[in-house]
Structure formats: structure tokens, C-alpha cells
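Numbering (UniProt numbering), first residue to last: 1 to 733.
So the structure is just underneath, and the comments pick up after that.
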Amino acid sequence: MSDLLANLNDPQLQAVTLPPQHALILAGAGSGKTRVLTTRIAWLISSGQCDPAAILAVTFTNKAAKEMLARLSTMLPINTRGMWIGTFHGLCNRLLRAHHRDAGLAQLFQILDSADQLAAIKRLLKTLNIDDEKFPPRELQHFINAQKEAGLRPDAVEAWDDYTRRRVELYREYEGQCQRESVVDFAELLLRSYELLERNEPLRRHYQRRFRHILVDEFQDTNRLQYRWLKLLAGGDPPACLFCVGDDDQSIYRFRGAEVGNMRDFEREFHVANVIRLEQNYRSHGNILDAANAIIRHNAGRLGKNLWTEQGAGEPIRVFEAFSDADEARWIVEEVQQLVRDGALRSDIALLYRSNAQSRVLEHALFSAGIPYRVYGGLRFFERQEIKHALAYLRLIANPDDDTAFARVVNFPTRGIGARSIEVLQDAARTYNTSLYATVPHLTGKPGTTLAQFVRLIEDLRRETARLPLPELVDHVLERSGLRDHYKAEKEGRERLENLDELIGAAANFVAESQADPEALAADHALLADFLAHASLEAGEHQAEQGMDAVQLMTVHAAKGLEFDAVFLSGLEEGLFPHENSILEAEGLEEERRLMYVAVTRARKRLYLSFAQSRMLHGQARYNLRSRFLEEIPEPLTRWLTPPKPRGNAATGFGGYYEPPRGAFATRPAAPAVPSRREEGGLHIGQLVSHARFGQGVIVAAEGSGANACVQVNFGASGIKWLKLAVAKLEPC
DNA sequence: GGCACAGTGGTTTTT
DNA sequence: CCACTGTGCC
1 MSDLLANLND
11 PQLQAVTLPP
21 QHALILAGAG
31 SGKTRVLTTR
41 IAWLISSGQC
51 DPAAILAVTF
61 TNKAAKEMLA
71 RLSTMLPINT
81 RGMWIGTFHG
91 LCNRLLRAHH
101 RDAGLAQLFQ
111 ILDSADQLAA
121 IKRLLKTLNI
131 DDEKFPPREL
141 QHFINAQKEA
151 GLRPDAVEAW
161 DDYTRRRVEL
171 YREYEGQCQR
181 ESVVDFAELL
191 LRSYELLERN
201 EPLRRHYQRR
211 FRHILVDEFQ
221 DTNRLQYRWL
231 KLLAGGDPPA
241 CLFCVGDDDQ
251 SIYRFRGAEV
261 GNMRDFEREF
271 HVANVIRLEQ
281 NYRSHGNILD
291 AANAIIRHNA
301 GRLGKNLWTE
311 QGAGEPIRVF
321 EAFSDADEAR
331 WIVEEVQQLV
341 RDGALRSDIA
351 LLYRSNAQSR
361 VLEHALFSAG
371 IPYRVYGGLR
381 FFERQEIKHA
391 LAYLRLIANP
401 DDDTAFARVV
411 NFPTRGIGAR
421 SIEVLQDAAR
431 TYNTSLYATV
441 PHLTGKPGTT
451 LAQFVRLIED
461 LRRETARLPL
471 PELVDHVLER
481 SGLRDHYKAE
491 KEGRERLENL
501 DELIGAAANF
511 VAESQADPEA
521 LAADHALLAD
531 FLAHASLEAG
541 EHQAEQGMDA
551 VQLMTVHAAK
561 GLEFDAVFLS
571 GLEEGLFPHE
581 NSILEAEGLE
591 EERRLMYVAV
601 TRARKRLYLS
611 FAQSRMLHGQ
621 ARYNLRSRFL
631 EEIPEPLTRW
641 LTPPKPRGNA
651 ATGFGGYYEP
661 PRGAFATRPA
671 APAVPSRREE
681 GGLHIGQLVS
691 HARFGQGVIV
701 AAEGSGANAC
711 VQVNFGASGI
721 KWLKLAVAKL
731 EPC
């Protein structure tokens, strides 16, 4: 256990060993956030303070959840499978599967990803004969999701104008459609499980009693509903301890519902006494951090943080002014080549930009120079057309009422079912109020016959695969559906075929990882439903062109959480970064600035900033001013590679002229050898004790024996103290 | 059912 | 400028 706490800095140690109270950890970029989160969990369990089953840890991405589990299993010799660690959506899915009846859902309900949801909305508009010019599907999708994230069902939405009233009606219709089809979109996962817990008191009590510690990663990214969900779960009697880790300065997802205000609200509503700042950065050199600090200082209403490092100032930040975007790209390529010549790994170099369109010039320049590169952000595995098609067949096996899946493959590969037949079918489905699949038997005539053949195909598939292990099931469906033949016949179908084979691999992987008994689950296709949920919830890695050492290209958003030795940040121009759509509102501009902060803090050793006098945008040359964010970096931190025009002198030279700020942190005394778990007097590491003056605390370490015996106690808001047992009166509690 | 053409719009994105 | 959507024709 002493290993667990070794090498933590003071604030980290404090955070990890806090007594069971609510806590807000303000974790700066590169300050060891994930480490604190996972060590906290390991500490709670290994010190015997709580059972693994009493922990709920929630993240935003599958990647983060996986990393947490991986790290945890190296720290603890326990099986992490029973633990509730996952994404908000993943945990909600788990909850809804376990209580599908109470939640009003079919056992094998399907999950719609954003694309599926959009398709479902388009289909809805079509069946209702509504002009999609007047109600753009995308806008409607956004509207519906916004209502759900506000916790509002159609009845609760206040509509003051005809347009909104109409949209609310469509929201209601959409809900009806989803319910009929037994499908659930992303926002619905959250809202449904929120409502389930809210309405079902015994169930709520059960989970409130069970989860004693709720830990939240990237708390600044939570939306309103997620915050309410956490409040509900933590609000039992006694309440659970909420341990929220986040960085308000790195909140860059406001545009999709994230509410930085949740951090302040949390502190206020929960009377959080423990606000701990992790400000020591282990990633970047001093100049880079100082630039980041200087930039973010221009934002108002921050919770406040200042990053520092024990590393030196390092090199100055290089700034380059180009004539054009092409010129900028050419320069970047030259610098990259130089770095590589100097021994840098290409994969340690990142080219960042504000918007995807900017990658084009960079790619062109890299390609011409023959430098291997990799662009993040393309299609992901489960989003590919051929995979979606295969999944649609699988979904129909699990749930024939899934009209989205039905519509997708009823005529793919083509089997003579045209738009006309589908229209007839949809009308009939509307009349009978049944799913497309269930409506087929009602049809007569030729469309009825061909559609019936399709239904028979699905039914055959269900029967034939009932006892097959998942990978073989998938294989069989690929063959029998005609998908494989279709892509075999296609000229460009080679890669798609490979992807389809990879889907079998993904299924095999899933079975292995879920450690479930495939035999037991295969019978009723429950494992299949789990796999489909997995496919919807985790779109897979951003397509990796693995193998080759390649320069990394991505948007600043995509770079969050990553780090590189050298970072090129291009297009630092007004209108681009900050983006023109964000400049008008203060809120928008501040988010852009946070984005800039994120970008800068990606760099470990070297940071290059560049902008161009002219840039091709939408087929026209644009002349932008250089970004205000550039002006916000103190001059002594930079070195201009081109003469800085309106801003006076060129750089002073290389590092050495600048001392990084040092916190007034004494080095923590070497961790004392911690005695065995059980100490004399019933005191042990992790033991909850109370002190007349300092209140409740947790024993973190102990040393000495007899009259000299001392323990180190973390009293949370009152700090960490060494106490002599002979002197201090500590009551176990 | 698939291809050619016109038209449109064009931050950021995970689940 | 370019990528994507929808329409219309064969």
C-alpha cells in the first residue's frame, strides 16, 4: 500500500487519501489527474475503507474508462469486472438492461447512435408527410436532444410559438416511434435511467446504498442531465461521497451541452470543503506553461489555477508568420524534417489546427515531401457503411421491430424491393401502428411477396444462429444475407470485405473480454444484444494506419488529453482561431481561449505557433489578422522566426533568461515505512478516526512504536497532519 | 438501380 | 474550392 502512495506530490496525496467527504479536484493539464483518480480508488479498496462493489467511477470516453481499469488492475489484485467503471452512457445502458421492465423497455432494446437517430428522424418526417425544408432533420435532432438533456419530456417543454409547438409535437411522435421500435438514443439512455431511479424508490435506495463513492472524471464536461444523475445517485441517506476531478480551463465542449458551471454548482450545493488544486505539471517546459497561464488569465470567472514545473524554462516558443497557408505548410514540413533529422520520432510530433478543413494544405505538403502522416478524425470502424449494414441484420435478429435497421437493409443487397414498396409498407405500418417488420404479413400483392421473402430471411437467420457462438453467428449472417457476395462483386469492395471479416474478429474479442459463458447466452441472443450495444456505444478507434511512424494531424479538440514532444499550432488568425462564429459572444470567445490553452499545453518540449497573411477559404483568398491569442503570450517567452511586425523587438534569444515560478512547496518528507495493515490499538492505514479539533480524518501513514508512535492523518479541509499517538486523542470511528 | 448533374453550404464531436 | 445531397434521367 505504501507503494500506492509513493511518489505522489502533496496535493495528489491529499486528494487520494481524503476522508469520505465530497471533493473537487481541480486538475491542471498534465498534473496527474488520471493517476489521482485511479489511486484514489485503489486506496479506498486496499485500505479496507470500502468494497469494490461500492465504487462507481464514471468517465466520458471508453478510452478513459479502459485506461482506468487497466491501471487499476496493475495496482490491485482484484477482479475489476464487477466494478461499475465506465462511461455515463455505458453505465446507463448497464442499468437499463438490468431493469428493462421497470424502465419500460424491451429486454433486447437497441441503441441508436447519432447517425441512426438522424435516419430515424428523417423517416419519421417522411411518414408524417412533413416538409423537411421547414423542419430540418438535423435541427430537429438537436432540439430533441437539447430537451432530453434539460430533462424535459414533450409534456414539460414550454412552447411559446407555433414553430416550437410543432417541434414539440414531432418530439412526441419521435418518442412514440422509438418506443414502438424498442430503440433508445444516447440522450435517452441518460434520461431514461435518471427517470427510472427517480421514480422507482426501492431501486433508487438500492443503488444509493450500494455506491458509497462516486468518482467523476472530466467533470467540466458534464451536461445538466449528467449532473442531475450524479446528484440523484449520490443523494441517498447517508449520501455517497462525490469525488469530482476536472479542469474548468479545459472545458471545450459547451457547444454540445457541457456546463462548466457544474463545477461551481457542485462546490456550492454540496458544500464541498475539499477543493484541491493539482498545479504541478509533469509534462511541459516552463516557457510553455507560462504561455498557457498567461493566455488563460484573460478569462473571467475561473476557479483559478496556475501551472508550474520543476523542469526548466526550456526553449522559447517559436513563432512564424507565413505569406500564405501553403507557405505556412511548407515551413512546417521543413521544421518537421529538421526535427526528424535531429532524431525526433515522427509520432512525437503533432500538427494541430482549429478546424478540419485546415488539414488539407498540411497533408498536401507532407505528401509532397514524402513524410508519413496520420490524420485523426475520419470514419471509425463501427460507423463504416458495410459494418452498419451487417449490424442492421444483426439488430433485426435481436429486435425485428427496429425499423431503422429494417429500412437500412430491406433492399441491401438489392432484392427488388423499391421505394414504392417501402412507401406502401410505411403507410400500412402507420395504419396498423406496428413496426415495418410486423406489418409485412398484412400486405398483399407483389410487394407483399417480396417483402415476405425478406422477413423469411430474417426469421431463418434467427433460427439458424440461435445456438451459434457470437463470431460464427456474425459470419453466418454475412454469408446468408448476401453482404459478402455483394462486396465480392464490387470493384472497390476489397477493403469492405476485410472490414466485414474484422467484424467477426471484433465479435470474438468482445466474447473474450466479456468473459461471459457464450453457450448460456447464445440461446436467446442476449450476448448478441450486448455486442450490438457495445458497437453503438463504442464506435471504435479512429481508424489507425498502424505500423509506420507517422506525424500526427488532428484538431485541437481531438488532441485533448494527448501530449507530444513537439507541437505545431497553425492558423493562428482572427476568424479562424478564435473562430469567427465565436467572436461575438464573450462565452464563445472564452471557450476559444480555453481551446488555445488546451492546444498549448499539449507540447512537452517545443511549441511552434504560426499564422498566414492570406489563406484560401471557401475558394476565396482571405486576409486575416493574426490571432489575439498570440498577443496574449508575453513576448519574452517567444522567439520570432520571421520579423514580428507590429509588436516591436524580436526575441531575446534562447532559454536561460527566464526562471519558472516555483511553488512554495517543500519536498514532502520521505514516506515512512508503513507498518503492516493492522496496527496496534486497532488503528490501521485507511482507518477513519476523529480528532477534537481537526474533525474526521483518515490515517495515511504510521511510524515509530510505543511511546514514539506517530500517525499521519488526512483531515481533508483541515489538512494532513502528523500526530503523536501518546499525545493526540484519536477516536476510531 | 445507378449514374450524372446541379445545388448547397462549409467550427469543434463523444456517447 | 470541395464534399456532400438530392433530383432526374436512362
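Cβ atoms here follow ideal geometry from the backbone N, Cα and C, with glycine treated the same way.
Task: H142 classed as buried or exposed, judged by whether at least 16 other C-beta atoms fall within 10 angstroms - done: Indexing the first sequence from 1 puts residue 142 at position 142. Flag for H142 reads exposed.
Task: Span of the beta strand (DSSP E) around Q613 - done: Along the first sequence, one-based indexing puts residue 613 at 613. It spans A603 to L617 - the beta strand (DSSP E) in which Q613 sits, taken as one unbroken run.
Open item on the list: Can you find the residues in the same chain that come closer than 8 Å, C-beta to C-beta, to S582, ignoring five residues on each side of it along the sequence?
Closed with: Stepping through the first sequence from its first residue, residue 582 is reached at position 582. Once the five neighbours on either side are set aside, the close Cβ partners of S582 are G588, L589, E591 and E592.
TODO: With a 10 Å radius around its C-beta and 16 neighbouring C-beta atoms as the bar for buried, classify Q620 as buried or exposed.
DONE: Indexing the first sequence from 1 puts residue 620 at position 620. Residue environment analysis places Q620 among the exposed positions, since fewer than 16 neighbouring C-beta atoms fall within 10 angstroms of its C-beta.
Task: Local conformation of Q110 per DSSP, three classes - done: As a first step, residue 110 must be located in the first sequence, where it is residue number 110. Residue state, collapsed to three classes: strand.
- [ ] Tell me whether H691 sits in a helix, a strand or coil according to DSSP, three-state version.
- [x] Against the first sequence, residue 691 aligns to sequence position 691. Strand at H691.
Task: Extent of the continuous beta strand (DSSP E) run through V319 - done: As a position in the first sequence, residue 319 is number 319, starting the count at 1. Where V319 is concerned, the enclosing beta strand (DSSP E) stretches over I317 to S324.
TODO: Could you tell me which uninterrupted alpha helix (DSSP H) segments, each at least 4 residues in length, are contained entirely in the segment 172-234, listed from first to last along the chain?
DONE: Whole alpha helix (DSSP H) segments, 4+ residues: 186-199, 201-210 and 224-234.
- [ ] Only counting runs of 3 or more residues, tell me where the beta strand (DSSP E) segments fall wholly within the segment 42-94, in order along the chain.
- [x] Taking only runs of at least 3 residues, the beta strand (DSSP E) segments lying wholly in the segment 42-94 are 55-59 and 84-87.
Task: Residue of F715, W308, P413 and E363 minimising C-alpha distance to W331 - done: Looking up residue 331 in the first sequence gives position 331. The residue with the shortest Cα to Cα distance from W331 is E363.
Task: Buried versus exposed, by CB contacts within 10 Å (16 or more), T414 - done: Stepping through the first sequence from its first residue, residue 414 is reached at position 414. Answer is exposed; the Cβ neighbour count stays below 16.
- [ ] Taking only the alpha-carbon atoms, compute the straight-line gap between V58 and L233 and give it to the nearest angstrom.
- [x] Taking the first residue of the first sequence as 1, we reach residue 58 at position 58. Taking the first residue of the first sequence as 1, we reach residue 233 at position 233. Those two C-alpha atoms are separated by around 12 Å.
Open item on the list: Closer than 8 Å is the cut-off here; do at least three beta carbon pairs connect the segment 149-159 with the segment 207-227?
Closed with: Touching, per the Cβ criterion.
- [ ] Would you kindly report the start and end of the unbroken alpha helix (DSSP H) that includes E590?
- [x] Reading the first sequence from its first residue, position 590 is the one you call residue 590. Taken as a continuous stretch (DSSP letters only), the alpha helix (DSSP H) holding E590 covers A586 to V600.
Task: Per-residue burial, L625 [other beta carbons within 10 Å of its own, 16 or more giving buried] - done: Looking up residue 625 in the first sequence gives position 625. The residue in question, L625, is exposed, as its Cβ has fewer than 16 Cβ neighbours within 10 Å.
Task: Identity of the residues DSSP links to G246 by a beta bridge - done: Against the first sequence, residue 246 aligns to sequence position 246. Beta-bridge annotation (DSSP): G246 is paired with L26.
Open item on the list: Distance check for L451 and R420, CA to CA, integer angstroms please.
Closed with: Taking the first residue of the first sequence as position 1, residue 420 is located at position 420. Taking the first residue of the first sequence as position 1, residue 451 is located at position 451. So the two alpha carbons sit approximately 12 Å from each other.
Open item on the list: Run through the DSSP bridge pairs and tell me what I699 is partnered with.
Closed with: On the first sequence, residue 699 is found 699 positions in, with the first residue counted as 1. DSSP output for I699 lists V713 as bridge partner(s).
Task: Beta-carbon spacing of D530, E181 below 8 Å - done: Along the first sequence, read from residue 1 onward, the residue named residue 530 stands at position 530. Along the first sequence, read from residue 1 onward, the residue named residue 181 stands at position 181. Taking 8 Å as the Cβ cut-off, D530 and E181 do not qualify as a contacting pair.
Open item on the list: Among the candidates L203, D162 and C178, whose CA atom is the shortest distance from the CA of D102?
Closed with: Here residue 102 refers to the residue found at position 102 when the first sequence is read from its first residue. Looking at the Cα atoms, L203 is the closest of the given residues.
TODO: Measure the Cβ-Cβ separation of G30 and N274 and say whether it is below 8 Å.
DONE: Residue 30 sits at position 30 when you count from the first residue of the first sequence. Residue 274 sits at position 274 when you count from the first residue of the first sequence. Not in contact: G30 and N274 (Cβ atoms no closer than 8 Å).
- [ ] For T638, write down the residues that DSSP places opposite it in a beta bridge.
- [x] Here residue 638 refers to the residue found at position 638 of the first sequence. DSSP lists I317 as the beta-bridge partner residues of T638.
- [ ] Report buried or exposed for residue 784, applying the criterion of at least 16 other Cβ atoms within 10 angstroms of its Cβ.
- [x] Look at the range of the chain in this structure, 1 to 733, and you will see that residue 784 is not part of it.
Task: Cut-off 6 Å between Cβ atoms - residues of its own chain near K721, not counting five sequence neighbours on either side - done: One-based indexing of the first sequence puts residue 721 at position 721. Within its own chain, the residues whose Cβ lies closer than 6 Å to the Cβ of K721, once the five positions on either side in sequence are excluded, are V713, listed in chain order.
TODO: Pick out whichever of R199, E259, I633 and A701 has its Cα sitting closest to the Cα of F219.
DONE: Along the first sequence, one-based indexing puts residue 219 at 219. Relative to the Cα of F219, the nearest Cα in the group R199, E259, I633 and A701 belongs to E259.
- [ ] Rounded to whole angstroms, what's the CA-CA distance from Q358 to G571? Just pull it up for me.
- [x] Stepping through the first sequence from its first residue, residue 358 is reached at position 358. Stepping through the first sequence from its first residue, residue 571 is reached at position 571. Using only the alpha carbons, I get a separation of about 8 Å.
Task: Residue(s) in a DSSP beta bridge with A392 - done: Locating residue 392 in the first sequence gives position 392, where the first residue counts as 1. Listed as beta-bridge partners of A392 by DSSP are no residues whatsoever.
Open item on the list: Does H285 pass the burial test, meaning 16 or more other C-beta atoms within 10 Å, or should it be called exposed?
Closed with: Stepping through the first sequence from its first residue, residue 285 is reached at position 285. With 16 or more other Cβ atoms within 10 Å, it is buried.
Task: Range of the contiguous alpha helix (DSSP H) that encloses P137 - done: Looking up residue 137 in the first sequence gives position 137. Counting along the chain, the alpha helix (DSSP H) containing P137 begins and ends at P137 to E149.
TODO: Starting from the C-beta of R678, find all residues in its chain whose C-beta is less than 6 Å away, skip the five residues before and the five after it, and write them out in chain order.
DONE: For the purposes of this step, residue 678 is taken as the residue at position 678 of the first sequence. Below a pLDDT of 50, predicted positions are generally treated as unreliable, and R678, at 37, falls in that range; no measurement from the model is reported.
- [ ] Determine, using beta carbons only, whether Q110 and H100 come nearer to each other than 8 Å.
- [x] Counted from its first residue, the first sequence places residue 110 at position 110. Counted from its first residue, the first sequence places residue 100 at position 100. No. Outside cutoff.
Task: Classification of E334 by the beta-carbon crowding that lies within 10 angstroms, buried from 16 upward - done: Walking along the first sequence from the start, residue 334 turns up at place 334. Around the C-beta of E334, fewer than 16 other C-beta atoms lie within 10 Å, and the residue is accordingly described as exposed.
Task: Continuous alpha helix (DSSP H) stretch holding Y437: start and end - done: Indexing the first sequence from 1 puts residue 437 at position 437. Residues L436 to T439.
Task: CB-CB length for S610 against E173, believed under 8 Å - done: One-based indexing of the first sequence puts residue 610 at position 610. One-based indexing of the first sequence puts residue 173 at position 173. Contact doesn't hold; Cβ gap of about 50 Å is too wide.
Task: D565 - DSSP class collapsed to helix/strand/coil - done: If you number the first sequence from 1, residue 565 lands on position 565. In the displayed model, D565 falls within a strand according to three-state DSSP.
Open item on the list: Using 8 Å as the cut-off, can you tell me whether the segment 595-611 makes contact with the segment 240-260, which would need three or more C-beta pairs spanning the two stretches below that distance?
Closed with: Pairwise C-beta distances place the segment 595-611 in contact with the segment 240-260, as three or more of them are shorter than 8 Å.
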